[in-house]
Structures are given as C-alpha cells and as structure tokens.
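Below is one structure; the comments refer to it alone.
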Amino acid sequence: MSTFAPGSAHLICRALVVDREGRVLHLRSPAELPGARPEAGDSTLLEAALRALTERTRLARGDLCLTPELLTTPLHVEASGPGHYEFTFALHLAHELPEPLPDTDWLPIEQLNSDSLRARLSALKLDGRPAPVNASALIHDGDGRYLLHLRDNIPGIWEPGTFALLGGGREPGDRTLEDTLRRELAEEVPGLDPAGLEPYAVEEATGADGLCVPVQVFSGRWSGDPDGVGLAEGVLLRWFRPDMLHRLRMSPGTRDLILRHAAGQVVRAAVIPRPAKAPEAGVTELNIVGVHLYAEDDDGRVLLGLRHPDAAFAGATWHFLAGHCERESAVACLVREAYEEAGLVIDPADLELAHVVHVLHGPSARPRMQLVFRARRLGGTPWLREPDKCLAWRWWDPDALPDPLVPYARTAIDGIRAGRTYSELGWCPA
C-alpha cells in the first residue's frame, strides 16, 4: 500500500470509481475526479483518496471495494508539474446505488482529461463488477466440527479478538485466489494442509479500512490436532461444532456461513445411497454424467464458450461451460468446473436443475446423461483460464444463437425456454 511522508505538500490523491457500465464518477464543480492532499490523519495515500471521495459525495466506504487487478496499488501516477504528483486509485461500486448521487456525473472513460490515465484504464478493461480480493478456508473434519482461528485483539487488524476463518488478502504475486489461500495458510499455520480445497461461496465482509471486501470461501477437509500445526499468527485454533457458535464472539456472516455449510452436509449425507449389487452382464449399462452451466445476464443472454479446434469433443463449436462428473456430486462438479474454466465462483445453493438431455451419439456409444443447471447468481466475470480448451466466452441472445452449436445444448436451451425439464437425442423411437 502506498504511504507518504509528512510534509508531502505537492501530492494529490484521487479516487476513480467505475460502475457496472464501465463509467467513471466525476464531480460537477469542479469537473474532475474527487481528490485531496494527504493530511496527518491519513495513514496511506489511498486513505487520502477515500477521504476525498466520501467527503465530496454521499458514498460511504462500505459502498466501495478494491479491484482484484490493482488492489491498493495506484492505477496511475502522473507528474502535474515540477515536484507535483497525482496518484489515482481505482475502486468499484460494491452494490448498485439506490438513487443517483447529487452533484456528480457518471461519464465514459473517453471523457477523462488525462490521456495517459485514459489509456491505462482502457488497457486494464475494468468492468466495474465486484470480484473477490480475499480468500478464506472453511475447514471441517467431515464429522461435524469446524476449525476456527481466534484473532489477536490488536487495533488496526481485521476483526480483532474474534473467532474467524483462516485466510487473508490477495497480493500482487498471487496467480489465483487458491494461491492466496495456500500462501496465507502457510504463513499462519505452517503445518496445516487441508485436502480437497474447492470454491464454496462468495461472502462480503467489511475490511479494517471500512471498504466492502468480497471474500472467496473455499471448503476443505482436515482432521488433525490444532495444537500441533505451529500457529504463527493469532491466539489459538480450535474445533467447534455448530451448536457452540452462539457462545463465541464472531461475525454473524461467518456464523451463518458455517451453519449453512453444516446443513448442506446433513442433506448430502442423507441422500447417499447404499452400494448397489453388481448388475448382471448385459442388463445394466453405466451412463456418463455431464454437467452444464446455464447462466443468463441481465438482458437474458446465455453464456456460451467457443471450444478450441483441437478439443476432443466439438472442436470449433459453441457449447455450455461443461465437464464430466468425477467421484463427486453433480453440483460440486459444476462449481469446480466453473472456477477452473472461467474463474466463476458459484454458491451451490444458487444452482437448480433446469433440464436433462439423455443423449446417445451412436449404437456403440455409451449413453450420456447431460444435466443442465441454472445459476441464479454468478461471482465474477468469465475469463479464459484454460485457453487450450476454450477460445472465448460470450453472451448470446437465445433467439440468435451461434452456429455451429452443440446440438444437445441447443435442445436444452429450447427446452428451458419452453418450460420442459427433459429431452432425448439419438434414441430410436420405442
């Protein structure tokens, strides 16, 4: 984070807020980005920019969040004269504003006064959509216990003196949020190595600086002794069952998250069937299970990906974000695939089965049960995490779908729009 020395009288710190339409917040009088000189109470240059923003507009710090691309690093530094410098920090709106801000305008980036700032912002392609900048670990032992970390009761740290999940903030060297979490775990508890880390939910918290902090929560399993892992930060680690949480000092959001996860574990445990007897040869044929993401944007357009020409299936063809179930539930598979392929974070509770297509590609092929899940909410913006498999992600009007499109994907989209839940392809009529 950028700091300044007392007496830095020739510095101006500005806040550039980007909304979901890619526009930038400007003051009307004077027509500029909110800015101010650092004062003695500002611990960093970003603090000075935030002070200017909240004083000149009706925005509160909780209305804002950092961008994953920049975090607390300035978007732009420009010399405005001999010994005069302007530091500009980029922020996103954490939520849609309920009403317009007085004495301000949202202007396209083309109307920024600085050519170099305009070029820098265009190059980053900030879309104004909040995305996680922190990562936390929801660690459970598979037997109903959850691992919690008692934080130091020191002013200035995040949630001092409370029981919380392990984790921390993304740093510029972190390639992914999973990298962030693993680095934080190695720093905080060197002997802790949970198994099966996977995205579970995106939660919001309030940082020590008052900003909204979207947090990617990963779930993982571990069943070791908390006293034997070498705690390097905080006071202690302990296992707790959900019925003990009301006795602990912790944030309501963390408590609700654990209770929600615990309820899901109970449901999943209840529906695991007993192993079936081995079928007689030639009577039962195993079906391949595929999972697919049906996601719509605010305009009702459907997310599709253009598969790489060398893909083993449907090369150079548009298709859902999809994958095959491994030894996991269908929902867990889709949550994993969405993050691995497109960097999308999906809460399992936000998925619902929208359509099933039972497909047979030929008389000698294995049948495939293609499950299509609708996502009521997405965390993040799709981007190419596996360019060797997918060349582009794009939102398509369902009345103008691309060509070529995987046939059963088109069948599923048509079925969902018609309110049907099941279709068949490739099967001979009975």
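Sequence positions in the sequence shown follow this note's numbering and run 371 to 800. Glycine included, each C-beta is placed from N, C-alpha and C at the ideal position.
Beta strand (DSSP E) segment containing residue i, residue limits
| i | result |
| --- | --- |
| Cys383 | Leu381 to Val388 |
| Ala449 | His446 to Gly451 |
| Leu674 | Val672 to Arg677 |
Where residue i falls: helix, strand or coil (DSSP)
| i | result |
| --- | --- |
| Met614 | helix |
| Arg625 | helix |
| Arg608 | strand |
| Ile509 | strand |
| Ser378 | Model confidence at Ser378 stands at a pLDDT of 46, short of 50, so the residue's coordinates are unreliable and nothing is read from them. |
| Ser589 | strand |
| Glu603 | coil |
| His689 | strand |
| Gly785 | helix |
| Arg755 | coil |
| Pro584 | strand |
| Cys760 | strand |
Between the CA atoms of residue j and residue i - distance to the nearest angstrom
| i | j | result |
| --- | --- | --- |
| Arg644 | Glu698 | Because Arg644 sits at a pLDDT of 40, beneath the cut-off of 50, its placement in the model cannot be relied upon, and the following sentence gives the value as read from the coordinates. Straight-line Cα distance between these residues: approximately 16 Å. |
| Val727 | Ile658 | 12 Å |
| Leu547 | Arg431 | 23 Å |
| Pro500 | Gly670 | 20 Å |
| Pro596 | Val559 | 9 Å |
| Gly561 | Ser621 | 26 Å |
| Pro468 | Arg428 | 12 Å |
| Asn441 | Asp769 | Correcting the residue identity first, residue 441 is Leu in this sequence and not Asn. Taking the straight line joining both Cα atoms gives about 39 Å. |
| Gln481 | Pro444 | 20 Å |
| Ala735 | Phe690 | 21 Å |
| Glu466 | Trp765 | 21 Å |
Nearest candidate by alpha-carbon position, reference residue i, set the options
| i | options | result |
| --- | --- | --- |
| Leu721 | Met739, Ala708, Thr550 and Gly604 | Ala708 |
| Leu434 | Glu417, His446, Glu448 and Val447 | Glu417 |
| Gly453 | Asp758, Ile382, Pro757 and Gly660 | Ile382 |
| Val585 | Val605, Pro774, Gly623 and Gly566 | Gly623 |
| Ile783 | Gly732, Glu666, Leu714 and Ile716 | Glu666 |
| Gly539 | Asp758, Asp680, His725 and Ile527 | Ile527 |
| Leu656 | Phe683, Trp765 and Val729 | Val729 |
| Pro679 | Ala762, Ser506, Arg738 and Val605 | Ala762 |
| Leu601 | Gly543, Asp522, Ala578 and Asp511 | Asp522 |
| Asp544 | Pro502, Leu508 and Val776 | Pro502 |
| Pro542 | Thr437, Thr414 and Asp758 | Thr437 |
Residues near residue i in its chain [Cβ-Cβ closer than 7 Å; skip 5 each side]
| i | result |
| --- | --- |
| Gly580 | Arg431 and Gly432 |
| Arg393 | Trp476, Leu477 and Pro478 |
| Arg421 | Ala406 and Asp412 |
Start-to-end residues for the alpha helix (DSSP H) that takes in residue i
| i | result |
| --- | --- |
| Asp549 | Leu547 to Glu558 |
| Arg428 | Careful: Arg428 lies outside any alpha helix (DSSP H) and carries neither H nor E. |
| Asp717 | Note, Asp717: premise wrong, no alpha helix (DSSP H); not H, not E. |
| Arg486 | Contrary to the premise, residue 486 reads as Ser rather than Arg in this sequence. Ser486 -> alpha helix (DSSP H) spans Asp485 to Leu494. |
Own chain partners of residue i with C-beta closer than 8 Å, once the 5 adjacent residues on each side are dropped
| i | result |
| --- | --- |
| Glu351 | Since the first residue of the chain shown is 371 and the last is 800, residue 351 is not available in this structure. |
| Phe743 | Val661, His662, Leu663, Tyr664, Ala700, Val701, Leu704, Leu721, Glu722, Leu723 and Ala724 |
| Gly634 | Pro718 and Ala719 |
| Ile471 | According to the sequence displayed, residue 471 carries Leu and not Ile. Counting only Cβ-Cβ distances below 8 Å, and skipping sequence neighbours, we find Leu395, Thr427, Arg428 and Leu429. |
CB contact check: residue i to chain D, cutoff 8 Å
| i | result |
| --- | --- |
| Trp528 | Judged by its chain identifiers, the structure shown contains no chain D, having just a single protein chain. |
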